[in-house]
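UniProt numbering puts the first residue of the sequence shown at 1, with every later residue one more than the last.
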Amino acid sequence: MLVLLTAALCACTDAREPAAPPSRPQDEQPLGTAIEFANRRISGNAIAGADGQPEWLLQRAAGADIALAGTQGLVMRKQTGATFAALKADTLGYGDNYIFEATFQTDGLGAPSRPSVMLIPRTKDFAKKQYYAFQYTLENGKMMWRLMNTAAPAEFNNAADPKREAAYILKGGTSYTARIVIHNPNENMVALTMYLYDPEDPESGKKPLISYLDSSSYRIMKNAEVGPQVGTSGSADIQPQVAFGGIKVYPFSDWDSLKEKRPSASPVLPAARPSSAAALAGSEQALVMPSVFSDGMVLQRNKAIPVWGKGADGERVTVRLAGQQKETTVKDGKWMVELAPQEAGGPYELVVQGKQKQLTFKDVLIGEVWVLSGQSNMQYLMKNIADPEDIRQANDNEIRLFTSRTNMTEQPMWDIPGGNWKAATPASVAEFSGTGYYMGLELRKQLGVPVGLIATAVGGTDIYMWMRQDIVKEAGFKADPKRQLPSLLYNARIAPLQPYAIAGVAWWQGEHNASLGDANYSGLFASLVKDWRKQWRQGDFPFIYVQLSSYNNAKFPALREEQLLSLAKTDNTGMAVTIDNGESNNIHPRNKKETGYRLSLIARALAYGEKLEYMGPIYKAMTVKNGKAEIEFTHTGSGLMVKGERLKGFKISGADYKFVDAEAVISGERIVVSSDRVPEPAAVRYAYEGFPEANLYNKEGLPASPFRTDRTK
Numbered sequence: 001m002l003v004l005l006t007a008a009l010c011a012c013t014d015a016r017e018p019a020a021p022p023s024r025p026q027d028e029q030p031l032g033t034a035i036e037f038a039n040r041r042i043s044g045n046a047i048a049g050a051d052g053q054p055e056w057l058l059q060r061a062a063g064a065d066i067a068l069a070g071t072q073g074l075v076m077r078k079q080t081g082a083t084f085a086a087l088k089a090d091t092l093g094y095g096d097n098y099i100f101e102a103t104f105q106t107d108g109l110g111a112p113s114r115p116s117v118m119l120i121p122r123t124k125d126f127a128k129k130q131y132y133a134f135q136y137t138l139e140n141g142k143m144m145w146r147l148m149n150t151a152a153p154a155e156f157n158n159a160a161d162p163k164r165e166a167a168y169i170l171k172g173g174t175s176y177t178a179r180i181v182i183h184n185p186n187e188n189m190v191a192l193t194m195y196l197y198d199p200e201d202p203e204s205g206k207k208p209l210i211s212y213l214d215s216s217s218y219r220i221m222k223n224a225e226v227g228p229q230v231g232t233s234g235s236a237d238i239q240p241q242v243a244f245g246g247i248k249v250y251p252f253s254d255w256d257s258l259k260e261k262r263p264s265a266s267p268v269l270p271a272a273r274p275s276s277a278a279a280l281a282g283s284e285q286a287l288v289m290p291s292v293f294s295d296g297m298v299l300q301r302n303k304a305i306p307v308w309g310k311g312a313d314g315e316r317v318t319v320r321l322a323g324q325q326k327e328t329t330v331k332d333g334k335w336m337v338e339l340a341p342q343e344a345g346g347p348y349e350l351v352v353q354g355k356q357k358q359l360t361f362k363d364v365l366i367g368e369v370w371v372l373s374g375q376s377n378m379q380y381l382m383k384n385i386a387d388p389e390d391i392r393q394a395n396d397n398e399i400r401l402f403t404s405r406t407n408m409t410e411q412p413m414w415d416i417p418g419g420n421w422k423a424a425t426p427a428s429v430a431e432f433s434g435t436g437y438y439m440g441l442e443l444r445k446q447l448g449v450p451v452g453l454i455a456t457a458v459g460g461t462d463i464y465m466w467m468r469q470d471i472v473k474e475a476g477f478k479a480d481p482k483r484q485l486p487s488l489l490y491n492a493r494i495a496p497l498q499p500y501a502i503a504g505v506a507w508w509q510g511e512h513n514a515s516l517g518d519a520n521y522s523g524l525f526a527s528l529v530k531d532w533r534k535q536w537r538q539g540d541f542p543f544i545y546v547q548l549s550s551y552n553n554a555k556f557p558a559l560r561e562e563q564l565l566s567l568a569k570t571d572n573t574g575m576a577v578t579i580d581n582g583e584s585n586n587i588h589p590r591n592k593k594e595t596g597y598r599l600s601l602i603a604r605a606l607a608y609g610e611k612l613e614y615m616g617p618i619y620k621a622m623t624v625k626n627g628k629a630e631i632e633f634t635h636t637g638s639g640l641m642v643k644g645e646r647l648k649g650f651k652i653s654g655a656d657y658k659f660v661d662a663e664a665v666i667s668g669e670r671i672v673v674s675s676d677r678v679p680e681p682a683a684v685r686y687a688y689e690g691f692p693e694a695n696l697y698n699k700e701g702l703p704a705s706p707f708r709t710d711r712t713k
């Protein structure tokens with residue numbers, strides 16, 4: 001089971017657990033009140049008790065389905081926003097200080113930045129949704145429990161506060177119990193403590209998951225209208241299903257005898273259902289296709305063209321494009337045809353005909369298709385980094401841009417929510433990847449054919465998030481609260497594209513892994529590339545990537561070295577060196593134009609077979625002669641050159657590996673490195689710093705990659 005547990009405790013010692021109330025006899029068991037769902041019924045926006053009187057008040061998001069499943073619990077699903085069930089305040093007689101216990105089960109992650117589980121112990125205003133809430137939320141790839149006070153301003157809740165946060169990953173389909181204690185130690189303070197009990201972890205619940213004292217001006221001192229609430233939230237694309245059962249409320253005076261007792265065995269709650277609306281797209285028997293097939297798309301030239309969708313079993317589907325026609329039959333709700341390779345051209349219509357429905361996609365071009373992936377430097381938009389004139393001049397109907405809403409999911413998706421193709425105009429280009437657009441613009445100029453660019457990058461992401469779950473396991477991933485959950489972006493943003501025909505992938509990622517000190521990034525990258533190629537089923541297509549730019553971070557050199565090693569570990573790859581293109585205190589260098597140009601050179605060489613130099617000098621070997629180190633390189637192009645009066649960035653050491661600044665000169669295809677302080681050289685390093693001074697290039701103007709001879713192999 002994948003479980004991460006950290007205790008986020010208030011620094012105040014008296015907040016680690018609730019202050020003990022007056023004790024009760026040792027043999028007396030806590031009583032409390034069990035809130036049964038048996039013999040209840042939903043009536044309008046309330047749940048009525050056996051006597052017909054409302055016990056719970058309901059707030060439903062659009063489309064929300066709330067159902068009672070006998071003694072199994074209260075089930076919430078299909079909500080596109082926040083949905084709550086609130087116990088009426090007068091149902092119990094415990095006032096504002098009590099212990100609230102709820103058993104719940106969820107089917108998965110829920111929508112990004114929206115809580116899939118909400119446990120609300122105190123409410124200030126039910127109508128205005130002002131309350132304390134312990135929320136289980138997906139944030140930037142991490143599943144976090146967080147205590148929120150929605151009566152406070154957004155900046156209060158958005159501020160990082162370790163006293164209000166904890167990590168504990170829930171397993172879909174497992175019933176957990178939360179025990180929340182809320183009381184007012186005095187008239188100016190609220191104490192909130194949450195314990196979480198995992199049926200598979202006997203250590204869970206022994207310490208608070210979150211414990212917090214709220215003495216802010218936003219504190220909520222008492223309930224109004226309603227008592228404890230349970231709820232969930234979703235989006236148009238992701239609607240988690242959550243079941244709540246075994247709800248109990250105890251008087252605060254029961255805490256002394258209750259705190260050492262684990263909750264009774266959790267009830268079996270209703271089985272979870274898929275949370276993805278897109279995953280269910282074919283269940284309605286309609287002929288549907290993923291959003292990458294839409295008006296204005298670009299299909300890859302000179303390769304077989306897979307076309308696929310969903311429909312009713314047994315339905316015949318006919319696909320027509322540019323004089324071709326293929327037919328197939330829907331099986332298990334899915335269908336696929338493969339059209340023969342086509343030359344560049346268009347516009348065409350792609351027509352998909354089912355038994356009762358026809359889909360017609362217009363303005364379809366055939367040309368070169370590239371997937372753009374990675375993290376924020378690949379995602380960074382033109383409007384944030386580009387010369388405004390470049391945006392104003394962006395009017396090329398044969399450059400097409402595919403964008404979609406950012407999403408993360410536990411299971412592979414069939415479609416990417418909100419995906420659509422747009423022609424390059426000032427408006428569409430301004431909202432597109434700067435690096436990707438500049439790369440595509442250069443390819444369009446050089447190749448003279450339509451270019452389609454598919455943007456998938458998401459900022460601040462770990463390479464594990466882009467790897468398929470099976471590959472993550474093979475890589476030996478170990479759960480860690482400091483890391484993001486693996487596979488979420490592969491599932492949501494890459495799997496739905498496979499096997500759409502492409503020319504290759506352009507990748508810029510690694511800053512996040514550098515910050516974590518990952519020592520085997522080259523191995524992870526090789527596994528990712530191998531698997532993406534396998535899943536795309538189009539052979540060893542070019543996978544080109546950007547080496548981390550210069551930046552004042554001591555962990556960057558090791559990650560750059562791993563990226564350099566990737567060239568030898570993975571065939572048909574190329575690396576754009578950007579060591580000369582960074583900014584000392586900005587991890588997002590603005591000059592994406594040069595980076596895009598360098599990527600285009602690699603693409604032209606690897607994908608299109610052009611005979612050109614496409615990378616800067618790459619370290620090959622070192623020999624020592626007469627007290628000097630001679631460094632050999634590949635990718636010297638038409639010769640080595642220095643930008644400036646003398647070479648900078650070289651260091652040399654003897655067997656003690658104490659490096660000193662070195663003299664370096666160009667000698668034909670080699671660099672000769674020496675220092676009077678190192679008579680017997682053992683190792684040389686070049687630009688092996690976060691933000692180095694480095695000026696070795698080939699005569700094509702491409703910078704040499706940083707390296708160190710004492711590690712690179």
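Ideal Cβ positions, reconstructed from N, Cα and C, are used throughout, including at glycine.
| Query | Result |
| --- | --- |
| DSSP state of N149, grouped into three classes? | strand |
| What's the C-alpha gap between S550 and Q353? | 53 Å |
| By Cβ distance, which residues of its chain are closer than 6 Å to A131, with the 5 residues on each side in sequence left out? | It should be noted that the sequence gives Tyr, not Ala, for residue 131. I120, T123 and T150, listed in sequence order. |
| Unbroken beta strand (DSSP E) runs of length 3 or more, entirely within the segment 489 to 518: which are they? | 504 to 508 |
| Rounded to whole angstroms, what is the Cα-Cα separation between G374 and R670? | 34 Å |
| In terms of residues, what are the limits of the beta strand (DSSP E) holding residue 732? | The structure shown has nothing for residue 732, since the chain only spans 1 to 713. |
| Residue range of the alpha helix (DSSP H) that K129 falls in? | K129 -> no alpha helix (DSSP H), and no H or E assigned at all. |
| Mapping the DSSP letters down to three states, classify N377 as helix, strand or coil. | helix |
| Using DSSP with H/G/I as helix, E/B as strand and the rest coil, what is R60? | coil |
| Would you mind reading off the limits of the alpha helix (DSSP H) that contains residue 714? | The displayed coordinates of the chain run from 1 to 713. Any statement about residue 714 would go beyond what the structure contains. |
| For the beta strand (DSSP E) holding W421, just list the boundary residues, first then last. | N420 to A424 |
| Is E389 helix, strand or coil when you go by DSSP? | helix |
| Suppose the cutoff is 7 Å on Cβ atoms and the five residues either side in sequence are ignored; what does the same chain contact list for E349 look like? | T360, F361, K362 and V364 |
| Go to Q325, then tell me how far its beta strand (DSSP E) extends in each direction, as first and last residue. | Q324 to T329 |
| Which residue or residues does DSSP assign as beta-bridge partners of W335? | G309 |
| What does a CB cutoff of less than 6 Å around F402 pick up in its chain, not counting 5 residues either side in sequence? | W421 and I454 |
| Can you give the Cα-Cα distance for G173 and Q239, rounded to whole angstroms? | 15 Å |
| Considering Cα atoms alone, identify which of V369, L147 and A304 is closest to A159. | L147 |
| Helix, strand or coil: which one does DSSP assign to R560? | helix |
| May I ask you to report which of helix, strand or coil DSSP gives K593? | helix |
| Within its chain, find whatever has a CB closer than 7 Å to the CB of S428; leave out the 5 residues flanking it on each side and keep chain order. | L401 and K422 |
| From the DSSP output, in three-state form, read off A340 for me. | coil |
| Evaluate the contact criterion for the segment 534 to 547 versus the segment 402 to 415: three or more CB pairs, one atom per stretch, below 8 Å. | no |
| Restricting to Cα atoms, I'd like to know which of V190, I366, P202 and M439 is closest to S217. | V190 |
| Which one of A224, D580, M144 and S487 has the shortest CA to CA distance from A127? | A224 |
| Please report the distance separating the alpha-carbon of V660 from that of R646. | 17 Å |
| Might you give, ordered along the chain, the residues of its own chain that have their beta carbon closer than 6 Å to the beta carbon of Q535, omitting 5 neighbours on each side? | Q498 |
| Taking the alpha carbon of G637 as the point to measure from, which residue in K261, L702, L58 and L299 has its own alpha carbon closest? | L702 |
| With distance defined between alpha-carbon atoms, name the residue in A682, A662, A687 and R685 nearest to D676. | A662 |
| Nearest by alpha-carbon distance to L524: which of A503, K569, N491 and K651 is it? | K569 |
| To the nearest angstrom, report how far apart M615 and T578 are at their CA atoms. | 11 Å |
| Taking all protein chains shown into account, decide if D51 is buried (16 or more other Cβ within 10 angstroms of its Cβ) or exposed. | exposed |
| Please work out which residues of its chain come closer than 6 Å, Cβ to Cβ, to G418, disregarding the five sequence neighbours upstream and downstream, and give them in chain order. | S404 and R405 |
| Would P270 be called buried (16 or more neighbouring beta carbons within 10 Å of its own) or exposed? | Low confidence applies here, because P270 scores a pLDDT of 49, under 50, leaving its location unreliable and the question unanswered by this model. |
| What ranges does the beta strand (DSSP E) occupy inside the segment 207 to 262, keeping only unbroken runs of at least 3 residues that lie completely in it? | 210 to 214, 226 to 233 and 242 to 251 |
| Going by beta carbon distance, what residues of the same chain come within less than 6 Å of I666, once the five residues before and after it are set aside? | L640 |
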